[in-house]
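K.L.:
Encoded as structure tokens, here's the structure I'll be asking about.
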Amino acid sequence: MNPDPATFSPEAETQLRESLRRCSPETVMAAVAYRRTRDPQCLPALIGGVFERYIEPEIRPKLASANRDDLRVIEDLGIDSLTLMEIVMLLEEAGGLTIANDELRQLRTLGDIRTFVDCRVRGLPYSPPARLDHEAVLAAMPVQPPFLFIDEAVISKTSISATYRITGEEVFLQGHFKGNPVMPGSLMLEALGQLGVLYLVSGQLDDANHKVDSGSLLFTSADGVRCHRVCRPGDTLSLRLKPKRIKAPIIVFEGDVRVGSDKAVGAEEITLTFGFKETPPTA
Amino acid sequence: MPRVFITGLGFITSIGNDAASVTQSLRELRHGMVRYAPFERDEIPVKVAAPVRDFSTEGDEPEDWKTPERYRLRRDQLRSLSPNALYASCAMQQAVEDARLEPSDISNDDTGLYAASCGSPGMLSRILNRIHAQGVMRSPALGIVSSIAGTVQFNLVANYKIKGASTGFASACASSAHALGFAHDEIVLGRQKRMFVVGAEDGNLETILPFASMRALSPNPDPATASRPFDRQRDGFVGTGGATVLVLENEEEILRRGVTPYAEVLGWGQASDGHNVAISHPEGAGLRTAMLHALRTAKVGPADIDYVNAHATSTPIGDASECKALRAVLGEHASRVALSSTKALTGHGCSLAGAMESGFCALALRDGFMPGSAHITELDLICEGLNIIRQTHATAPGVVLNNSSGFGGANVCIVLKRPR
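If you read the protein sequences in the order shown, they are chains A and B. Per this note's numbering, the first sequence starts with residue 718, numbered consecutively. Per this note's numbering, the second sequence starts with residue 32, numbered consecutively.
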């Protein structure tokens, strides 16, 4: 499956350069380096460069953002399924790998694609992020309405993201503020904390003998929190957390809240504590 | 019964890339033939073609192609185009502007599009080469959409969000005349209020040279005389490409929008030779019947006809058959009715021909002229009794016929009339 560096002939390089002729010089360099060394470090530049070639010029600056991995291929980059197929085809050609149709359908964000290609070239199994609809979120969470600020969520080992639409029916908006409903910054922080809870109870840290105890979770601290934008009824919050450090019983996330492409809240660290409940092996 | 009018035109042709320059070429008998560079190899016995100007479709992918500045196509629109669908997209833009159509006039349940092209043999061969050389999954994802017959309507219907009737026609050189005829019927039957009719061809080595081995192409290397329908020395046709788009609308739409039509489509007819797969009937039997059907549905007779735009492609047999059919249909009026083949100027564009030449007739009806039959040095005896005009006449025709004939002996005749 993986190209053998020994077989990367000058003819193959010429063909690779021809295939990538509309990509940036950095992309071509990354592709050539990858084919010579099979070093997965080359992949982010290759993948990013191949995407850039297919993205309309006015959307390209988004690729430079720090949250590049969170960009949704269809919604944020304006790529339809046919274009995604073209991108995959060029990635296959440049990276010397194959991606099947059903695998393609699981890849929603640039991060998904990067992780997928990374797993593929390392020969590791790839499991797509789990998608939880509202029913599944309600079933999983120890927190419940009217104090639950997660509608739907997408969870992988390396990140969790969710949406919450401010409906205007929230009881606290009646008083915050008088005649001027604004989502409190403290509750957006609460929403991020809830997202950390969902990460923990969704089994990301579980193994055969240990399961995170959903009754054990507590908020500990938040550091480096900044609010940038007022959020009102009708806004859909995009919540995101990434685990930075995990050392039981402590887990530290970084995260943010966005509305569309506007950043509403950033948090350098959100820390929760958790405990495991022993699950004795069933004999 | 609803009446059908032509209200907009768009042209990408060897004799001009808009209605104004096409009109000028028709009036001044300027042809579009050149010594065609891709034919320069010694073993190719054909040297002349009539390519589209100001475009380049040389590269493997549409993103490599060059298109005049006024046509802006996004990458996601370009990627599924063949050269003929690109020309059709540009002609479509012209026709929409010419007919003064708003997006809401185009994208609705009452507006459809009928098209004709032979697909793109050039694109298809590139794709097959890639499949053989680099693997099945390495051929362009939309290669099939860009290369098969139907590529014109696939692309235009999607890009213009057309919601009414859409399909393609495949009767070779009669295809876009069939498209025009059936589009007329959609409106007459009340199914649609407006129809776009598109004829298009790549007009490159891959579409033209396959006609060489059947000796259908002129081996004459002189661009000024290679295409000479009705001339005693004619020895085959000259290939061309491009696109023409016609906008057809019913009377109600014309009044609602306050536009002045070029012409009325009075009716049409079709019939088949039932004779040979590629050779026209020696007496022009199918074409004769097609013309008679057309006159009957248009409720006009030979006495009403002022001009005929002949199919005549400059092949020895085809032109002779058409002359016989015309004499039989026009009878005593044969020596009066002006007759010409504009293929002397444009060359022959297969699926493009019917729409392009009906477009020329629409220009002639609006601007009041009858284009001459160029490049005739010595009129062939087969033309005896017919009024072949060698110069453009500055007289306005009232009713005109446009003939088209294709492989399998398919024949179509369209009847157009100057509106009031």
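By construction, the Cβ of each residue, glycine as well, lies at the ideal position given by its N, Cα and C atoms. For clarity, every value in this text was computed on a predicted model and none was experimentally measured.
Counting beta carbon pairs with one atom in the region 234-251 of chain B and one in the region 144-154 of chain B, are three or more of them shorter than 8 Å?
P.N.:
A contact exists between the region 144-154 of chain B and the region 234-251 of chain B.
K.L.:
So, is the C-beta of residue 731 of chain A closer than 8 Å to a C-beta in chain B?
P.N.:
So no, residue 731 of chain A is outside the interface.
K.L.:
For residue 300 of chain B, which residues does DSSP report across the bridge?
P.N.:
In the DSSP output, where bridge partners are listed per residue, residue 300 of chain B has B/444.
K.L.:
If you measure from the beta carbon of residue 822 of chain A to each beta carbon in chain C, is any gap under 8 Å?
P.N.:
No chain C appears in this structure, whose protein chains are A and B.
K.L.:
Considering Cα atoms alone, identify which of B/162, B/289, B/324 and B/398 is closest to residue 297 of chain B.
P.N.:
It is B/324.
K.L.:
On the DSSP letters alone, give me the boundaries of the beta strand (DSSP E) that residue 960 of chain A sits inside.
P.N.:
It spans 953-964 - the beta strand (DSSP E) in which residue 960 of chain A sits, taken as one unbroken run.
K.L.:
Mapping DSSP to helix, strand and coil, what is residue 733 of chain A?
P.N.:
Residue 733 of chain A: helix per DSSP, three-state reduction.
K.L.:
Less than 8 Å between the C-beta atoms of residue 187 of chain B and residue 243 of chain B, yes or no?
P.N.:
No.
K.L.:
Does the beta carbon of residue 763 of chain A come closer than 8 Å to any beta carbon on chain B?
P.N.:
Not one chain B Cβ lies under 8 Å of residue 763 of chain A.
K.L.:
Would you verify that the beta carbon of residue 159 of chain B is, or is not, closer than 8 Å to some beta carbon of chain A?
P.N.:
Judged by the 8 Å Cβ criterion, residue 159 of chain B is not in contact with chain A.
K.L.:
On the DSSP letters alone, give me the boundaries of the beta strand (DSSP E) that residue 848 of chain A sits inside.
P.N.:
Start and end: 847-849.
K.L.:
Please list the partners that residue 284 of chain B has in chain A, where partner means a Cβ-to-Cβ separation under 9 Å.
P.N.:
Simply none; closest approach about 33 Å.
K.L.:
Please decide whether residue 986 of chain A counts as near chain B, where near means a Cβ-Cβ distance under 8 Å.
P.N.:
It does not; no Cβ of chain B falls within 8 Å.
K.L.:
For residue 105 of chain B, which residues in chain A fall below 9 Å Cβ to Cβ?
P.N.:
Under the 9 Å cutoff, chain A gives 773.
K.L.:
Can you tell me where the beta strand (DSSP E) with residue 455 of chain B in it begins and where it stops?
P.N.:
Here chain B has residues from 32 to 451 only, and residue 455 of chain B is not among them.
K.L.:
What residue range is occupied by the uninterrupted beta strand (DSSP E) comprising residue 943 of chain A?
P.N.:
Run containing residue 943 of chain A: 935-944, per the beta strand (DSSP E) assignment.
K.L.:
For the region 785-801 of chain A, enumerate the residues whose C-beta is nearer than 8 Å to any C-beta of chain B, in chain order.
P.N.:
Within the region 785-801 of chain A, the qualifying residues are 797, 799 and 800.
K.L.:
Under a three-way DSSP split, which group does residue 139 of chain B fall into?
P.N.:
Coil.
K.L.:
Suppose you measure from the CA of residue 333 of chain B to the CA of residue 224 of chain B; what does that come to, to the nearest Å?
P.N.:
Each residue's Cα considered, the two are about 30 Å apart.
K.L.:
Which one of B/124, B/67, B/130 and B/63 has the shortest CA to CA distance from residue 36 of chain B?
P.N.:
Closest by alpha carbon: B/130.
K.L.:
Between the Cα of residue 218 of chain B and the Cα atoms of B/273, B/204 and B/278, which residue gives the shortest distance?
P.N.:
Ranking B/273, B/204 and B/278 by Cα distance to residue 218 of chain B puts B/278 first.
K.L.:
Tell me whether residue 923 of chain A sits in a helix, a strand or coil according to DSSP, three-state version.
P.N.:
In the structure shown, residue 923 of chain A sits in coil (DSSP, three-state: anything other than H, G, I, E or B).
K.L.:
Specify the secondary structure class of residue 293 of chain B as computed by DSSP and reduced to three states.
P.N.:
If DSSP states are grouped into helix, strand and coil, residue 293 of chain B belongs with coil.
K.L.:
Rounded to whole angstroms, what is the Cα-Cα separation between residue 979 of chain A and residue 972 of chain A?
P.N.:
Spanning the two alpha carbons is a distance of roughly 14 Å.
K.L.:
Looking at residue 443 of chain B and residue 212 of chain B, is the spacing between their C-beta atoms short of 8 Å?
P.N.:
The answer is yes: Cβ separation under 8 Å.
K.L.:
For a test of the three-state rule: what should DSSP assign to residue 405 of chain B, helix, strand or coil?
P.N.:
Reduced to three states, the DSSP call for residue 405 of chain B is coil.
K.L.:
If you follow the beta strand (DSSP E) that residue 371 of chain B is in, where does it begin and where does it stop?
P.N.:
Counting along the chain, the beta strand (DSSP E) containing residue 371 of chain B begins and ends at 369-371.
K.L.:
For residue 186 of chain B, report the span of its alpha helix (DSSP H) as first-last.
P.N.:
First-last of the alpha helix (DSSP H) with residue 186 of chain B: 182-190.
K.L.:
Which word fits residue 829 of chain A, buried or exposed, when buried means at least 16 other C-beta atoms lie within 10 angstroms of its C-beta?
P.N.:
By the neighbour-count rule (16 or more Cβ atoms within 10 Å), residue 829 of chain A is buried.
K.L.:
So, at 7 Å on beta carbons, what are the nonlocal neighbours of residue 33 of chain B in its own chain, with the 5 sequence-adjacent residues on each side left out?
P.N.:
Within the same chain, residue 33 of chain B has close Cβ partners 218, 219, 221, 281 and 282.
K.L.:
Give a yes or no on whether 8 Å exceeds the smallest Cβ distance from residue 397 of chain B to chain A.
P.N.:
Not an interface residue.
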